[in-house]
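Inspection log for the structure reproduced underneath, given as structure tokens.
Chains as they are written, first to last, in our numbering: chain A, 604 to 956; chain B, 604 to 956.
See below:
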């Protein structure tokens with residue numbers, strides 16, 4: 604019998620907590636019946652939810668704690684108040700102890716990154732964690748990272764992002780040698796910050812078997828799906844992600860407006876209702892919920908804080924796949940393959956500088 | 604009789620050159636008959652175009668040059684080969700000489716920024732130029748800058764952007780005290796790069812009469828129109844702009860797909876055709892064409908290189924308004940008002956650091 608996929612949930616995370624987390628996990632369990640959950644949080648809030656979802660109850664074990672990290676807590680505050688006691692910490696710690704394959708939280712990003720880093724520690728050769736997610740493009744999905752785990756970063760950091768993102772793309776998109784591009788303000792070699800040009804030269808010089816570096820990609824290249832993996836430091840990655848989300852919402856609103864303005868357009872809307880529904884589903888931001896915190900000795904998935912149960916279920920799906928396809932081993936292999944791609948990066952960098 | 608608005612055009616700029624520039628300018632002239640043009644470029648290419656647009660011909664004077672900056676020329680190349688001789692340089696130089704109020708080019712951004720900087724020089728207190736444009740939001744238009752004239756920048760640079768952007772918003776959007784936000788990856792005070800936090804503290808401490816600083820704005824705040832003026836350094840600004848443009852094109856394509864899939868949706872499309880046309884016009888990227896290069900002793904407008912005549916006409920409209928409402932004087936006033944807002948910025952910065 605194959606092993607079950609074990610997932611730890613921070614049942615207190617997010618704007619709402621247990622009443623989103625548990626129905627969400629139940630929906631994912633429905634899709635992946637071979638899942639087991641460890642739930643961390645306030646038993647008094649968790650049990651009533653489990654009572655409504657018997658299959659989920661049967662697949663879960665609850666570990667009570669009444670300490671929860673607040674959505675506005677600073678990372679330092681969260682660590683001071685919630686280390687070893689909060690639902691967020693305990694979920695991450697279950698990964699460290701090997702009790703589960705992944706921890707999932709809709710809690711605040713800064714606290715989650717800080718706690719995961721403190722508890723799990725970084726992988727050898729990786730300086731800082733990164734948030735990666737699937738971005739729906741015209742050509743299918745691309746992995747984009749870092750979406751805001753940390754800000755800034757040197758060439759070595761960007762190369763680490765390229766390697767980890769490629770591991771994730773090979774797992775989630777089933778690609779043997781994903782294409783990788785560096786986000787930049789132009790495609791010409793001399794464009795952008797020095798660290799980006801340096802990373803580009805190194806990636807080209809390394810010519811790795813596990814990824815195909817294809818050059819710089821401009822902001823509109825993300826929507827085009829110009830590469831399977833698109834790499835940028837976390838400040839710009841976060842701005843790009845949210846600028847795109849904002850634009851999508853803006854257009855949806857403009858479209859709604861336009862379709863309700865005249866009797867002809869309202870009639871047209873009625874006829875095309877199924878098409879609009881399909882479009883809405885295709886663009887549903889819930890479906891892109893769940894970014895993966897990479898670079899740690901263990902996998903942590905971050906859900907949007909403001910998501911609903913349906914959205915949280917997608918984050919749980921992401922966590923499930925990461926464990927099922929063993930992302931962590933894949934990343935480790937990628938980092939250490941051929942005498943260590945990152946060590947090689949160091950050499951290539953020195954060679955070009 | 605009021606003075607005419609005089610505009611210099613780089614007739615060789617852009618992917619196409621004269622056959623876009625001249626019909627485009629003619630369309631703008633039609634909207635603003637009090638315009639006069641100085642056209643720089645190859646007479647043999649310009650004259651046949653003017654022959655097709657008699658009103659434009661009557662309002663234009665042609666200055667021949669057969670040197671043109673290539674779309675792929677590096678800035679240093681462009682300066683070496685095109686200084687004092689290229690159509691781009693001559694158009695900018697006409698601003699310097701006071702022959703025109705603005706120069707407009709669809710030529711390559713890097714070369715245009717370098718030439719404008721070299722020819723016109725920076726305004727006192729401004730270190731580097733910035734590209735600013737109107738961004739259509741859910742709430743109307745916002746001024747966003749820097750969209751990629753230069754990359755990076757300290758707190759002083761960000762404050763200069765806030766001041767210049769406010770001057771532009773007050774001219775183009777007719778606002779007495781525009782709201783200003785700094786683009787960041789969170790709204791909390793401790794978020795983001797140090798220079799952003801420093802700029803925020805200074806802008807708050809200065810409490811200027813000509814702008815209302817309202818805090819940090821996340822990427823999705825642009826589409827929401829969360830502030831009249833949204834400030835960021837040029838790398839992120841360029842990525843955000845193009846990520847949004849890419850998303851808009853992606854959604855338009857998804858919508859087209861959805862509407863052509865079934866007979867019901869095709870019928871719906873026919874009924875709602877006018878609504879779709881209105882939406883398309885509203886989202887027409889041509890209408891946002893024309894970003895303004897700020898911070899120089901003179902105004903230069905940059906058009907997309909790949910635009911058509913209709914799009915170029917909008918860039919000419921932007922140039923027209925900048926001269927008509929005297930943006931340059933407005934910026935100078937803003938920079939020097941109350942003993943110089945930028946000098947004040949220096950003091951406020953020292954006070955908070």
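Ideal placement from N, C-alpha and C gives every residue a C-beta, glycine not left out.
Asked	Found
CB-CB length for residue 903/A against residue 918/A, believed under 8 Å	About 11 Å separates the two Cβ atoms, so there is no contact after all.
Cβ contact check for the stretch 754-763 of chain A and the stretch 843-862 of chain A: 3 or more pairs under 8 Å	no
Straight-line gap, residue 632/B to residue 697/B (C-alpha atoms, nearest Å)	19 Å
Cβ contact (3+ pairs, closer than 8 Å) linking the stretch 769-784 of chain B and the stretch 874-889 of chain A	no
Alpha-carbon spacing of residue 924/A relative to residue 881/B, whole angstroms	43 Å
Straight-line gap, residue 916/B to residue 821/B (C-alpha atoms, nearest Å)	32 Å
Simplified DSSP state of residue 825/B, which is helix, strand or coil	helix
Meets three-Cβ-pair contact criterion under 8 Å: the stretch 713-721 of chain A and the stretch 759-773 of chain A	no
Beta-ladder partner(s) of residue 739/A, from DSSP	744/A
Cβ pair residue 770/A, residue 896/A closer than 8 Å	no
Simplified DSSP assignment, three categories, for residue 893/B	coil
Same chain, Cβ closer than 6 Å to residue 604/A, five either side skipped, listed in chain order	The predicted model places residue 604/A with a pLDDT of 48, which falls under 50 and marks its position as unreliable; any figure quoted below should be read in that light. Closer than 6 Å at Cβ, skipping near neighbours: no residue.
Minimum C-alpha distance to residue 704/B - residue among 939/B, 857/B, 922/B, 934/B	922/B
Local conformation of residue 639/B per DSSP, three classes	strand
Reduced DSSP secondary structure (H/G/I, E/B, other) of residue 905/A	strand
Pair within 8 Å by beta-carbon distance, residue 824/B and residue 742/B	no
Distance, residue 785/B Cα to residue 731/A Cα	26 Å
Cβ-based burial, residue 692/B [other Cβ within 10 Å; buried from 16]	buried
Neighbour flag for residue 850/A against chain B, beta carbons, 8 Å	yes
Residue-level contact to chain A via CB, residue 884/B, 8 Å cutoff	no
C-beta atoms of residue 710/B and residue 616/B nearer than 8 Å	yes
Limits of the unbroken beta strand (DSSP E) element including residue 611/B	608-613
Cβ-based burial, residue 700/A [other Cβ within 10 Å; buried from 16]	exposed
Pick from 877/B, 869/B, 884/B that is closest to residue 877/A, judged by C-alpha positions	869/B
Pick from 811/A, 812/A, 826/A, 806/A that is closest to residue 818/A, judged by C-alpha positions	806/A
Three-way DSSP call (helix, strand, coil) for residue 664/A in this model	strand
Identity of the residue in 672/B, 642/B, 939/B nearest residue 610/B by Cα	642/B
Coil, strand or helix - residue 928/A by DSSP	coil
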